[in-house]
Ligand SMILES: C[S@@+](CC[C@H](N)C(=O)[O-])C[C@H]1O[C@@H](n2cnc3c(N)ncnc32)[C@H](O)[C@@H]1O
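In this note's numbering, the protein residues as written are 72 to 383.
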């Protein structure tokens with residue numbers, strides 16, 4: 072199957088970044104390169120797009136999709152926490168816009184063959200970057216029942232975390248758990264065939280994926296470094312897909328706007344911390360019902376953006 076991903080909230084992303092011809096933008100999660108195309112249209116003529124994705128398959132696809140703009144694009148199969156190094160390699164100090172559209176692409180879910188979906192029978196890999204790091208099957212094989220339980224609870228808010236973890240440990244003594252279908256069956260046996268609207272394995276699969284890709288750690292580092300790479304007036308836009316991600320984005324943005332660390336009761340600020348950015352979205356923007364009807368994958372998207380302030 073060809074690389075496919077319907078971009079979430081495209082008009083809102085373009086509006087939030089407010090780019091102009093000749094500017095420099097970093098799309099840190101190229102995916103199907105749908106957002107990247109729209110951003111290139113905004114910065115042309117003369118602008119530069121730096122595109123990153125930790126999945127080399129996304130970069131291969133982006134080379135084709137973005138072929139009309141080859142002279143204006145620099146593409147890298149890297150993690151977005153490496154954005155500072157990438158910019159240094161290009162000799163670029165600051166950019167006008169940064170986009171991070173978190174999570175998985177539809178290609179990764181449906182066609183990568185890496186076991187992201189509980190509806191398929193594939194090797195239990197789940198690495199967005201298949202070049203490095205332990206796979207989901209490695210975690211399922213190696214973690215203790217206690218660590219598995221914590222993982223399912225913390226990253227998946229799974230109610231049956233402890234029972235599922237114990238069942239995994241006893242099942243893996245009999246035979247290794249190496250496919251998505253094996254894991255989905257095991258979870259369904261414990262948690263029941265249906266729990267509300269969600270497939271019973273939804274939360275366990277999400278939790279494993281977050282752990283395999285160290286998604287929350289990387290997001291925290293990215294939120295720390297990205298605002299510092301913007302020129303004054305430059306904008307950072309982040310699209311989150313679940314509450315754990317969105318909470319990190321919300322808190323990081325709030326700290327940039329209100330960095331004061333003085334005790335609440337202190338009459339005046341003495342810590343001297345200066346705001347680095349202003350929040351453009353006091354409440355996150357959500358997709359319209361028309362978009363959700365056309366693209367159900369976008370239903371839980373929350374868009375937040377900040378603008379870097381002038382330096383004092
Ligand atoms: C939702 S898709 C992006 C879709 C894209 N905006 C579009 O319009 O098609 C998310 C992409 O981010 C990539 N990704 C996730 N975490 C990443 C990270 N830490 N560094 C770089 N890429 C990452 C995934 O590999 C995936 O391709």
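Where a beta carbon is used, it is the ideal one built from N, C-alpha and C, also for glycine.
*Confirm the yes/no value for this check: CB of residue 102, any heavy atom of ligand 1, distance under 7 angstroms.*
Locating residue 102 in the chain shown gives position 31, where the first residue counts as 1. Indeed, a heavy atom of ligand 1 lies less than 7 angstroms from the Cβ.
*Could you tell me whether any non-hydrogen atom of ligand 1 is closer than 7 angstroms to the CB of residue 389?*
Because residue 389 is not part of the residues shown, which for the chain are 72 to 383, the question remains open.
_Same chain, Cβ closer than 7 angstroms to residue 106, neighbours up to 5 away in sequence not counted_ = What you label residue 106 is simply residue 35 of the chain shown in a count that begins at 1. Excluding residues within five positions, the ones whose Cβ falls inside 7 angstroms are 78, 81, 84, 98, 170, 172.
*Is the region 283-292 in contact with the region 255-264, if contact means three or more CB pairs nearer than 8 angstroms?*
no
*Reduced DSSP category for residue 200 - H, G, I as helix; E, B as strand; rest coil*: If you number the chain shown from 1, residue 200 lands on position 129. Coil.
*Test item: CB-CB of residue 194 and residue 249 under 8 angstroms*: Counted from its first residue, the chain shown places residue 194 at position 123. Counted from its first residue, the chain shown places residue 249 at position 178. Cβ distance < 8 angstroms, so residue 194 and residue 249 count as in contact.
_Bounding residues of the beta strand (DSSP E) (the contiguous stretch that carries residue 305)_ = As a working mapping, residue 305 is identified with position 234 in the chain shown. Run containing residue 305: 301-311, per the beta strand (DSSP E) assignment.
*DSSP three-state call for residue 157: helix, strand or coil?*
By 1-based counting over the chain shown, the position of residue 157 is 86. Three-state result, residue 157: helix.
_residue 144 versus residue 122 - alpha carbon distance_ = For the purposes of this step, residue 144 is taken as residue 73 along the chain shown, with counting starting at 1. For the purposes of this step, residue 122 is taken as residue 51 along the chain shown, with counting starting at 1. Roughly 7 angstroms between the two C-alpha positions.
*asked:* Quick check on this structure: which residue in 354, 347, 330, 132 has the alpha carbon closest to the alpha carbon of residue 310?
replied: As a first step, residue 310 must be located in the chain shown, where it is residue number 239. The candidate whose alpha carbon is nearest that of residue 310 is 354.
*Using 10 angstroms around the beta-carbon of residue 335, count the other beta-carbons present and answer buried if the total reaches 16, otherwise exposed.*
Taking the chain shown and counting its residues from 1, the one referred to as residue 335 is at position 264. The residue is exposed, with fewer than 16 neighbouring Cβ atoms inside 10 Å.
_Does residue 236 pass the burial test, meaning 16 or more other C-beta atoms within 10 Å, or should it be called exposed?_
Walking along the chain shown from the start, residue 236 turns up at place 165. Buried is the call here.
_Those runs of the beta strand (DSSP E) which lie wholly inside the region 310-337 and span at least 3 residues_ = none
*Grab the span of the alpha helix (DSSP H) containing residue 131 for me, first residue to last.*
As a working mapping, residue 131 is identified with position 60 in the chain shown. Here the alpha helix (DSSP H) through residue 131 covers 127-136.
*Going straight from the alpha carbon of residue 260 to that of residue 226, what length do you get?*
Counting from one through the chain shown, the residue named residue 260 turns up at place 189. Counting from one through the chain shown, the residue named residue 226 turns up at place 155. Rounded to the nearest angstrom, the two C-alpha atoms are 21 angstroms apart.
*Find the nearest neighbour of residue 183 within the set 102, 109, 147, 305, judged by alpha-carbon distance.*
Indexing the chain shown from 1 puts residue 183 at position 112. For residue 183, the nearest C-alpha among the options comes from 102.
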